Amino acid sequence: MSEHNFLQLKPQEPAPTDENEINPDFDKLIENGPNLLPIDPEKQLQRILDCVLPPRRIEERGQFFIQKASPTPSTRLDLVALQEKFEAALQMERAKPFGICPIRRRIYDELFDELIRQVTVNCAERGLLLLRIREEIRLTLLAYQSVLESAIAYGIRKAVSVEKQQTNAVVERDEERTKNAELQHRIEQLQKQLTTERMIKEEEVKLLEQSMKDENERLLESNRILKMHLQSIIQMDQQQAPQDSTKD
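Under UniProt numbering, the residue at position 29 of the sequence shown is numbered 29, and the numbers go up by one with no gaps.
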């Protein structure tokens with residue numbers, strides 16, 4: 001990240017020991033009355049510029065210097081050069097023309113500081129008004145940034161929660177599929193077992209029926225033989241009876 005120095009500055013000068021001389025408080029300056037403002041218009045303008053655009057502190061070889069905003073008015077050629085430098089900076093850093101772009105915002109902030117300086121040089125009141133506008137815009141952007149960050153954080157938390165729920169749902173689905181497969185396998189085993197037992201029972205019934213049929217036939221045959229034997233005995237008795245009566 002580089003600064004393009006749109007702000008027109010004075011040459012470096014040694015930093016004063018008094019911190020108030022480097023960063024004067026404009027509100028405090030006004031509250032204490034006009035007596036603290038320099039009588040010299042150039043010094044008075046420089047003091048106001050120091051309040052609007054605080055001097056930059058620079059350290060070189062252990063020595064501290066400051067650079068203040070220049071009170072020199074800008075010419076038309078300066079404005080043309082500033083515009084060309086501004087357009088070149090946007091292209092060089094590839095700032096996005098639309099949407100959120102920190103690079104474009106930084107370049108515009110640097111350009112706006114120079115515009116505030118130019119307006120303040122011509123009219124201090126207008127410069128202070130532009131300063132208030134700049135600060136209000138910054139506060140608005142910070143508020144939007146905070147809302148955006150909160151929305152992004154909420155979105156991330158929501159996405160993580162949804163992903164976790166999806167993961168749990170996938171795990172639960174896989175478990176149910178496994179249980180279903182196990183139950184299906186158990187059903188198939190029971191069906192095979194039922195078929196096998198049914199075949200065994202049918203075979204046992206057939207064997208029992210055949211055994212009963214054979215036993216019935218055996219009994220019938222025995223009954224027939226006994227009946228024939230009984231008839232033979234009866235016939236023999238009947239034949240024996242007349243013979244006995246003749247002898248008598």
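Glycine included, C-beta positions come from ideal geometry on N, C-alpha and C.
Quick caveat: nothing in here was measured; it's all calculated off a predicted structure.
Residue i, buried or exposed, once every other Cβ within 10 Å from all chains shown has been counted against 16
i	result
aspartate 214	exposed
threonine 120	buried
isoleucine 66	buried
proline 73	exposed
glycine 62	exposed
leucine 90	buried
proline 55	buried
aspartate 237	exposed
aspartate 174	exposed
Spatial distance of residue i from residue j (CA atoms)
i	j	result
arginine 198	arginine 186	18 Å
leucine 45	serine 70	10 Å
arginine 76	serine 146	40 Å
residue 292	valine 80	The structure shown does not extend to residue 292, since the chain is modelled only from 1 to 248, so the question has no answer here.
glutamine 240	isoleucine 233	10 Å
glutamate 202	glutamine 231	43 Å
lysine 158	threonine 167	14 Å
leucine 141	tyrosine 108	13 Å
glutamate 176	leucine 190	21 Å
asparagine 223	threonine 196	40 Å
threonine 178	serine 211	49 Å
tyrosine 154	leucine 194	58 Å
methionine 228	leucine 207	31 Å
leucine 226	lysine 192	50 Å
phenylalanine 98	aspartate 50	33 Å
serine 161	asparagine 180	28 Å
arginine 106	leucine 139	15 Å
lysine 164	tyrosine 144	30 Å
methionine 1	arginine 126	Per-residue confidence for methionine 1 stands at a pLDDT of 47, beneath the threshold of 50, marking its modelled position as unreliable; the derived number appears in the next sentence. Approximately 31 Å between the Cα atoms of the pair.
phenylalanine 86	lysine 96	14 Å
Sequence-distant residues of its chain with Cβ nearer than 7 Å to residue i (five each side left out)
i	result
glutamate 42	Pro71
glutamate 188	none
Close beta carbons around residue i, own chain, < 8 Å, minus the five adjacent residues each side
i	result
leucine 7	Leu53, Ala69, Glu110, Asp113, Glu114 and Arg117
proline 34	Legend: pLDDT at proline 34 = 49, less than 50; position of this residue unreliable, value from coordinates given subsequently. Closer than 8 Å at the Cβ level, and outside the excluded window around proline 34, lies no residue.
arginine 94	Ile103
Own chain partners of residue i with C-beta closer than 6 Å, once the 5 adjacent residues on each side are dropped
i	result
isoleucine 48	Ala124
isoleucine 58	Phe65
Min CB distance residue i to chain B below 9 Å
i	result
valine 171	Of the protein chains in this structure there is only one, and it is not chain B.
Quiz item: If you pair each beta-carbon of the segment 91-107 with each one of the segment 128-135, do three or more pairs fall below 8 Å?
Solution: no
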